[in-house]
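Peer 1: Below: one structure in structure tokens.
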Amino acid sequence: MPLGPPLLALAAVTALTLALASPACAWGDRGHIIVTEEAIGRCPEPLRGLFSSEVDRKRLDQAVLAPDQRLKKEVQGWAEEHPKHYFDIDRLTQEPYPFKNFPRERAAAEKQFGAEALREAGTAPWAIMDALEALVGALTAGRTDDIFRHTGNVLHYGADLHQPFHVSKNYDGKMTGNDGIHKALEIGVVNRHVDFYRAEVRQGRCELACLPSPLNDAFDWVAEAWTRQKPILEAETIARQKANYNPAKTLADLDGDTSDAAKTYYVTFKQELEKRNSPEAAAMRDASGHVAELLYTAWVRAGKPLSLAPAPPKAEPAPSIPYWAIGAAVALFILLFWPRRRPA
Ligand SMILES: [Zn+2]
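Here's what the structure looks like:
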């Protein structure tokens, strides 16, 4: 059925609102791969081994990047996909950090703020829970394709929720004079220092816990990510002023801009971040540990399967033939074939 003009206008406004609501590809491709690599490295055996072959690692990387591929406007369903990547909690509530009174359950949050407001602010915590549940089902049944798909979703949305500019209405720094900071951080800075971030996420490895209430944990992650904006904004302000450079004007070439201004900007930005203990690296490190725990939790809930494929059917034990049946068969044989005297 064709949409009438009012519906078309509504659809266009909704799409535009979502498109402007938040740039959704947190961490960029390289950042997501760094977090994924470390998350699998943190998993205990035999879980780690399930994703460790070269083929499976490639397949997992593709699955982790797939949610950002689905954000392309030409992909059907991108508007439903978009809010799953972020959760701008301060857009919904006036409550200050650490947002302890924010309703955790989606139905309660929808009741309080309205479904449309929730879609605009993002739904990442619940998208993670949906993906986690789907992953438990796929692991339990050994549905290999679904296991990769849902693991990719869990790792992607989980990592996105740790990006400090995925949990705030100031998602691109416009409210503080830092426009363009979102991608300048996750692509411009990260892609220039891949080895540094790879080493940083490996720090502080510890034994994974099976999370009894991952939704509550997700809200703790949001609060933690939210506090990391301030030092990053400060660092970026200094870099922007020193280099007289606005990354919002070079969005198409964030990691390839080799102009003097870009060099000064990114060198200063990184130095100022380090002076503040690299909060963006801490965010990626936390992301690695937490998404590893999500994966571990799903695996434990699914009964710790030892394979990503369906369990082979159990061999049926050979039916035993009862003695009376053997006796009856022998008797029948004798009756039928015992040599009889031919009648004279
Ligand atoms: Zn994303």
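According to our numbering, the sequence shown is numbered sequentially starting from 1478.
C-beta atoms are modelled at their ideal positions from N, C-alpha and C, and glycine is treated no differently.
Values in this document were obtained by computation on a predicted structure and should not be read as measured data.
Counting pairs of Cβ atoms below 8 Å between the region 1683–1702 and the region 1600–1610, do you hit three or more?
Peer 2: The answer is yes - the region 1600–1610 touches the region 1683–1702, with three or more Cβ pairs under 8 Å.
Peer 1: Considering only their Cβ atoms, is the gap separating residue 1629 from residue 1543 smaller than 8 Å?
Peer 2: Indexing the sequence shown from 1 puts residue 1543 at position 66. Indexing the sequence shown from 1 puts residue 1629 at position 152. Yes, these two residues count as a Cβ contact at 8 Å.
Peer 1: Please state whether DSSP places residue 1504 in a helix, a strand or coil.
Peer 2: Here residue 1504 refers to the residue found at position 27 when the sequence shown is read from its first residue. Of the three classes helix, strand and coil, the one that applies to residue 1504 here is coil, per DSSP.
Peer 1: Please identify the residue among 1670, 1537, 1574 whose C-alpha is closest to the C-alpha of residue 1706.
Peer 2: As a working note, residue 1706 is residue 229 in the sequence shown. Measuring from the Cα of residue 1706, the nearest candidate turns out to be 1574.
Peer 1: Taking the alpha carbon of residue 1506 as the reference point, which residue from 1654, 1541, 1525, 1519 has its own alpha carbon closest?
Peer 2: The residue labelled residue 1506 in the question sits at position 29 within the sequence shown. Of 1654, 1541, 1525, 1519, the residue nearest in Cα terms is 1541.
Peer 1: Just to confirm the assignment: which complete alpha helix (DSSP H) runs, minimum length 4, are found wholly within the region 1737–1806?
Peer 2: Within the region 1737–1806, the complete alpha helix (DSSP H) runs of at least 4 residues are 1737–1752, 1756–1778.
Peer 1: Hey, would you say the C-beta of residue 1670 is under 7 Å away from at least one heavy atom of ligand 1?
Peer 2: Residue mapping note: residue 1670 aligns to position 193 of the sequence shown, counting from 1. No.
Peer 1: Within a Cβ cutoff of 7 Å, which residues of the same chain sit near residue 1509, ignoring the five residues on either side of it in sequence?
Peer 2: Counted from its first residue, the sequence shown places residue 1509 at position 32. Result list for residue 1509: 1541, 1542, 1633, 1636, in chain order.
Peer 1: When you compare each of 1556, 1779, 1525, 1643 to residue 1614 by their alpha carbons, which one comes out closest?
Peer 2: The residue given as residue 1614 occupies position 137 in the sequence shown. When only C-alpha atoms are compared, the closest one is 1779.
Peer 1: Quick check on residue 1526: does DSSP put it in helix, strand or coil?
Peer 2: Position 49 of the sequence shown, counted from the start, is the residue given in the question as residue 1526. Residue state, collapsed to three classes: helix.
Peer 1: What is the C-beta distance between residue 1711 and residue 1746, in whole angstroms, given that I count them as a contact (C-beta under 8 Å)?
Peer 2: Taking the first residue of the sequence shown as position 1, residue 1711 is located at position 234. Taking the first residue of the sequence shown as position 1, residue 1746 is located at position 269. Going by Cβ atoms, the distance from residue 1711 to residue 1746 rounds to 11 Å, so no, they are not a contact pair.
Peer 1: So what does DSSP say about residue 1498, is it helix, strand or coil?
Peer 2: By 1-based counting over the sequence shown, the position of residue 1498 is 21. Any reading at residue 1498 is ruled out, since the residue's pLDDT is 49, under 50, leaving its predicted position unreliable.
Peer 1: In three-state terms, what does DSSP make of residue 1441?
Peer 2: Coverage of the chain is limited to positions 1478 through 1821, which leaves residue 1441 absent and any answer about it impossible.
Peer 1: Residue 1518 to residue 1525, Cα distance in whole Å?
Peer 2: Taking the sequence shown and counting its residues from 1, the one referred to as residue 1518 is at position 41. Taking the sequence shown and counting its residues from 1, the one referred to as residue 1525 is at position 48. Roughly 7 Å separates the two Cα atoms.
Peer 1: Give the secondary structure of residue 1685 by DSSP, where H, G and I count as helix, E and B as strand, and everything else as coil.
Peer 2: Position 208 of the sequence shown, counted from the start, is the residue given in the question as residue 1685. If DSSP states are grouped into helix, strand and coil, residue 1685 belongs with coil.
Peer 1: Give the DSSP-derived three-state secondary structure of residue 1573 in the structure shown.
Peer 2: Counting from one through the sequence shown, the residue named residue 1573 turns up at place 96. It is coil, neither helix nor strand.
Peer 1: Between which two residues does the alpha helix (DSSP H) containing residue 1535 stretch?
Peer 2: As a position in the sequence shown, residue 1535 is number 58, starting the count at 1. Residues 1531–1546.
Peer 1: Going by beta-carbon coordinates alone, are residue 1783 and residue 1523 separated by less than 8 Å?
Peer 2: The sequence position of residue 1783 within the sequence shown is 306, counting from 1. The sequence position of residue 1523 within the sequence shown is 46, counting from 1. In this structure, residue 1523 lies closer than 8 Å to residue 1783 by Cβ.
Peer 1: Return yes when the C-beta of residue 1760 is under 7 Å from any heavy atom of ligand 1, and no when it is not.
Peer 2: On the sequence shown, position 283 is the one that residue 1760 refers to. No - ligand 1 has no heavy atom lying nearer than 7 Å to the Cβ of residue 1760.
Peer 1: Measure from the alpha carbon of residue 1569 to the alpha carbon of each residue in 1549, 1595, 1560, 1563, then state which is nearest.
Peer 2: Locating residue 1569 in the sequence shown gives position 92, counting from the first residue. Comparing Cα positions, the closest option is 1595.
Peer 1: Please state whether DSSP places residue 1639 in a helix, a strand or coil.
Peer 2: Locating residue 1639 in the sequence shown gives position 162, counting from the first residue. Residue 1639: coil per DSSP, three-state reduction.
Peer 1: Note down the Cα distance separating residue 1802 from residue 1813, rounded to an integer number of angstroms.
Peer 2: In the sequence shown, counting from the first residue as 1, residue 1802 sits at position 325. In the sequence shown, counting from the first residue as 1, residue 1813 sits at position 336. C-alpha separation (whole angstroms): 17 Å.
Peer 1: Verify whether the separation of the beta carbon atoms of residue 1742 and residue 1725 is less than 8 Å.
Peer 2: As a working note, residue 1742 is residue 265 in the sequence shown. As a working note, residue 1725 is residue 248 in the sequence shown. Cβ atoms of residue 1742 and residue 1725: not closer than 8 Å.
Peer 1: Label residue 1681 either buried or exposed according to how many other C-beta atoms from any shown protein chain fall within 10 Å of its C-beta, with 16 as the threshold for buried.
Peer 2: By one-based count along the sequence shown, residue 1681 stands at place 204. Residue 1681 is exposed by the Cβ-count criterion.
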